[in-house]
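Step one of this worksheet: look at the structure below.
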Amino acid sequence: MEIPVIDLSQLEGENRSKTMALLHEACEKWGFFQVENHGLEKKLMNKVKQLVNAHYEENLKESFYESEIAKGLMNKCDIDWESSFFIWHRPTSNINDIHNLSEDLRQVMDEYITQLIQLAEKLSQLMSENLGLDKDYIKKAFSGAKGPSVGTKVAKYPECPRPELVRGLREHTDAGGIILLLQDEHVPGLEFSKDGEWVKIPPSKNNTIFVNTGDQLEVLSNGRYKSTLHRVMAGKEGSRLSIATFYNPAGDAIISSAPEFSYPQNYKFQDYLKLYATTKFSDKGPRFEAMKKIANGHSSLG
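If you read the sequence shown in the UniProt record's numbering, its first letter stands for residue 1, the second for the next number, and so on.
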């Protein structure tokens with residue numbers, strides 16, 4: 001399958017309508033797409049990848065292969081073959097609290113995220129427009145007291161001697177809103193579900209950004225923009241880099257779809273995350289049903 005590619009430079013001029021239609025179709029029928037001419041500095045993107053790879057080699061690789069996950073790789077099991085950490089950027093940052101991050105990596109990551117948030121906000125405006133909403137609808141819906149929440153999962157999927165026994169990351173949909181992925185140039189492994197088939201996402205050439213939509217965008221769009229099941233396959237040839245940034249609702253943002261539709265309404269994103277933590281690798285439908293009951297006062301997460 002040919003994965004949709006959105007060229008943002010085509011939004012200026014006579015190709016705007018065609019580009020907007022392509023984006024709308026990608027969100028409706030795929031739930032994932034690639035973005036090129038996105039405005040991020042390629043030199044900066046390359047530096048982020050270089051420094052993250054160096055950090056893994058110097059600080060994480062040895063401890064991963066000495067971990068219980070690596071040593072216990074004997075039978076097929078429900079674990080994720082990954083080495084990862086999470087950085088919060090907005091509304092507050094924890095980057096200075098993360099052990100062994102170099103000053104170069106902290107600075108470059110902050111510069112990269114500043115540019116990436118601009119891209120996320122641009123995409124949110126384009127999606128809002130395509131849905132017939134005010135251009136700032138998604139951003140406002142995601143904003144609690146301090147604006148949308150932004151964080152990055154930095155992951156390496158190490159070479160695996162028995163890839164048939166594990167997943168790099170098990171099948172799931174993403175809990176939040178708009179996910180922007182800077183990924184490996186050489187090592188594959190990411191797969192998305194489309195029409196009952198697994199689509200292999202190739203490594204990103206020329207610093208394209210891979211984008212997918214999460215559960216909250218599905219709710220806000222009344223189901224028009226669906227979150228899509230995806231996974232990472234473990235592999236024997238090389239370790240795969242993944243830098244996934246989540247442009248999400250704030251924890252106190254109140255999430256709703258239009259009242260005439262059946263999606264849950266008026267719940268706090270932090271309550272959804274609490275439920276998601278224990279059901280991430282299960283179907284999202286029961287989560288939506290549980291949130292409807294909680295929002296209606298019929299049950300509680302405790």
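For glycine and all other residues, C-beta sits at the position ideal for the given N, C-alpha and C.
- Here Ser84 is not near Glu159, since their CB atoms are 7 angstroms or more apart.
- Residue Lys49 holds the alpha-carbon nearest to the alpha-carbon of Glu185 among Cys27, Trp30, Lys49, Gly235.
- In the three-state scheme derived from DSSP, where H, G and I count as helix and E and B as strand, Asp136 is classed as coil.
- Within the stretch 32 to 60, complete beta strand (DSSP E) segments of at least 3 residues are found at 32 to 36, given in chain order.
- The Cβ atoms of Ala253 and Phe142 sit closer than 7 angstroms to each other.
- No alpha helix (DSSP H) of 4 residues or more sits fully in the stretch 219 to 259.
- When DSSP states are grouped into helix, strand and coil, Gln265 belongs to the coil group.
- Leu51 places its beta carbon less than 7 angstroms from that of Leu105.
- For Gly196, DSSP assigns no beta-bridge partner whatsoever.
- Cβ-Cβ distances below 7 angstroms link His38 to Leu8, Leu119, Ile209 in the same chain, with the five nearest sequence neighbours on each side left out; the list follows chain order.
- In terms of Cβ geometry, Ser204 and Thr213 do not form a close pair [threshold 7 angstroms].
- At a Cβ-Cβ threshold of 7 angstroms, Gly176 and Gln216 count as neighbours.
- In the three-state DSSP reduction, Lys284 falls in the helix class (H, G or I).
- Looking at Gln34, Glu41, Arg287, the one whose alpha-carbon comes closest to that of Gln265 is Arg287.
- CA-to-CA, the gap between Trp88 and Lys268 works out to about 19 angstroms.
- Going by C-alpha positions, Ser128 is about 17 angstroms away from Leu180.
- Selection Arg16, Ser63, Leu123, Val211 evaluated against Pro4 yields Val211 as nearest (Cα-Cα).
- Taking a contact to require three or more Cβ pairs closer than 8 angstroms, the stretch 243 to 250 and the stretch 149 to 159 qualify as touching.
- Within the model, the alpha-carbon separation for Lys135 versus Glu66 is close to 49 angstroms.
- With contacts defined as CB atoms closer than 7 angstroms, Met233 and Gly168 qualify as a contacting pair.
- Here His172 carries a strand assignment [DSSP, helix/strand/coil].
- When DSSP states are grouped into helix, strand and coil, Asp184 belongs to the coil group.
- In the three-state scheme derived from DSSP, where H, G and I count as helix and E and B as strand, Asn94 is classed as coil.
- In the DSSP assignment, Lys156 falls outside any alpha helix (DSSP H) and within the unbroken beta strand (DSSP E) covering 149 to 157.
- Scanning Asn248, Tyr263, Cys27, Ser282 for the CA closest to the CA of Lys140 turns up Asn248.
- Residue pairing for Arg167: DSSP places it in a beta bridge opposite Asp80, Met233.
- Burial check for Thr114: the Cβ neighbour count within 10 Å stays below 16, so the residue is exposed.
- Considering only Lys18, Gly144, Ser63, Lys29, the residue with the shortest C-alpha distance to Gly223 is Lys29.
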